[in-house]
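In what follows, a single structure is set out as structure tokens and then discussed.
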Amino acid sequence: MRETSSTSHVALVTGANQGIGAATARALAARGAAVLCTYLRPPPGSGEGAAPDPYHAARSTDGEEVAAEIRRAGGRAEAFEADLGDPAVPERLFDLAEDRLGPVDILVNNASGWIQDTFTPDPADRFDRPLRPVTAETWSRQFSVDAMAPALLIGELARRHRARGADWGRIVGLTSGGELGFPGEVSYGAAKAAQTDYTLSAAAELADLGITANVVQPPVTDTGWVTDEVRRFVAMSPTHFHVADPAEVAKTIVFLASDEAALITGNVITLR
Numbered sequence: 268m269r270e271t272s273s274t275s276h277v278a279l280v281t282g283a284n285q286g287i288g289a290a291t292a293r294a295l296a297a298r299g300a301a302v303l304c305t306y307l308r309p310p311p312g313s314g315e316g317a318a319p320d321p322y323h324a325a326r327s328t329d330g331e332e333v334a335a336e337i338r339r340a341g342g343r344a345e346a347f348e349a350d351l352g353d354p355a356v357p358e359r360l361f362d363l364a365e366d367r368l369g370p371v372d373i374l375v376n377n378a379s380g381w382i383q384d385t386f387t388p389d390p391a392d393r394f395d396r397p398l399r400p401v402t403a404e405t406w407s408r409q410f411s412v413d414a415m416a417p418a419l420l421i422g423e424l425a426r427r428h429r430a431r432g433a434d435w436g437r438i439v440g441l442t443s444g445g446e447l448g449f450p451g452e453v454s455y456g457a458a459k460a461a462q463t464d465y466t467l468s469a470a471a472e473l474a475d476l477g478i479t480a481n482v483v484q485p486p487v488t489d490t491g492w493v494t495d496e497v498r499r500f501v502a503m504s505p506t507h508f509h510v511a512d513p514a515e516v517a518k519t520i521v522f523l524a525s526d527e528a529a530l531i532t533g534n535v536i537t538l539r
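Shown next, in the form of structure tokens:
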């Protein structure tokens with residue numbers, strides 16, 4: 268993507284009402300892309316305890332706030348609330364983007380159906396976040412949002428890209444976990460691994476269309492859930508080097524969506 272206000276690129280960013288998604292939407296708009304900010308707020312009363320924790324409060328932000336901020340800065344943006352667990356939603360999102368902004372050529376699969384589930388009987392993790400047992404419900408929610416939706420969105424981008432004879436496109440997914448999966452967040456880690464596989468397959472299958480596809484694994488990122496205890500854990504960890512701000516992660520995503528990154532595809536880029 269050229270760093271100019273005259274670019275005609277259109278980005279679809281999922282989970283764009285807060286955290287990394289919101290930061291990415293702002294950063295893409297600052298470089299001239301029109302942005303469709305998709306999001307889904309958790310239902311009222313679904314936070315832990317009597318008052319929502321900072322992470323839950325951030326997830327409850329209306330995505331229109333991000334789109335309005337972009338428009339006030341002179342950019343083009345629309346917001347749309349939709350549940351990516353509905354398999355009909357990806358096609359509707361592309362229809363909406365084309366109608367209001369133009370054909371999508373940048374796809375950022377950031378949204379997550381995160382639920383912390385585990386095979387252990389422990390009621391909480393090391394940071395006192397509540398754990399749930401793995402169930403069909405926890406599996407279905409996370410795989411539908413973190414794996415199925417990215418696959419359908421990539422497929423929709425590819426189909427429309429071919430149909431209009433386009434020759435430039437960018438796909439960026441976000442992942443998490445490690446060599447031993449993601450203990451304590453097992454369905455989340457497994458769903459993200461599936462999304463990674465879909466994205467790397469897209470890099471190979473869609474290269475002849477001028478589409479690159481990469482995955483970013485952010486470091487511990489303060490999207491509202493990072494506590495002092497988490498910061499101490501990072502400081503003592505041999506593999507976690509920083510607690511990042513969402514805007515720092517967004518810089519890498521935006522670079523991968525640029526012209527300068529044309530030769531970067533089929534990679535999982537780990538940020539530390």
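If you read the sequence shown in this note's numbering, its first letter stands for residue 268, the second for the next number, and so on.
Think of the CB as a built atom: it goes at the ideal place given N, C-alpha and C, for glycine as much as any other residue.
The structure displayed is predicted, hence computed values, not measured ones.
Identify the continuous beta strand (DSSP E) that holds residue i and give its terminal residues.
i	result
residue 345	344-348
residue 532	Premise fails: residue 532 is in no beta strand (DSSP E) and is neither H nor E.
residue 302	301-306
Ordered along the chain, which non-local residues of its own chain (more than five positions away) have a Cβ less than 6 Å from that of residue i?
i	result
residue 443	459
residue 508	539
residue 534	481
residue 292	280, 283, 302, 304 and 333
Excluding five sequence neighbours on each side, which residues of the same chain lie with their C-beta closer than 8 Å to the C-beta of residue i?
i	result
residue 397	315, 383, 390 and 391
residue 401	384, 385, 386, 453 and 454
In the DSSP assignment, find the unbroken alpha helix (DSSP H) run with residue i in it and report its ends.
i	result
residue 286	286-297
residue 280	No alpha helix (DSSP H) contains residue 280, which is instead part of the beta strand (DSSP E) from 277-280.
residue 325	321-326
residue 334	330-339
Using the Cβ count rule (16 or more neighbours within 10 Å means buried), how would you classify residue i?
i	result
residue 285	buried
residue 282	buried
residue 530	exposed
residue 318	Residue placement at residue 318 is flagged as unreliable, the pLDDT there being 47, under the threshold of 50; the coordinate-derived value follows with that caveat. Residue 318 should be labelled exposed.
residue 379	buried
residue 426	exposed
residue 332	exposed
residue 525	buried
residue 393	exposed
residue 330	buried
For residue i, collect the residues of the same chain with a Cβ closer than 7 Å to its Cβ; drop the 5 residues on either side in sequence, then sort them by chain order.
i	result
residue 338	344
residue 408	352, 380 and 382
residue 440	376, 417, 462, 463, 466 and 482
residue 423	357, 358 and 361
residue 406	454
If we count Cβ pairs, one from each stretch, closer than 8 Å, do we get three or more for the region 436-455 versus the region 360-368? no
Assess contact between the region 287-303 and the region 332-351, defined as three or more Cβ pairs (one per stretch) separated by less than 8 Å. Is contact present? yes
Curious, which full-length beta strand (DSSP E) runs of at least 3 residues does the region 364-395 contain? 373-376
Quick one: which unbroken alpha helix (DSSP H) runs of 4-plus residues sit fully inside the region 463-514? Chain order, please. 495-503
Using 8 Å as the threshold, is the region 487-503 in touch with the region 457-471, meaning 3 or more CB pairs across them? no
Pick out the complete alpha helix (DSSP H) segments inside the region 404-444, 4 residues or longer, and give them in chain order. 416-430
Would the region 403-419 and the region 482-492 be scored as touching if the rule is three or more Cβ pairs under 8 Å? no
Contact between the region 420-438 and the region 471-481 (3+ Cβ pairs under 8 Å): yes
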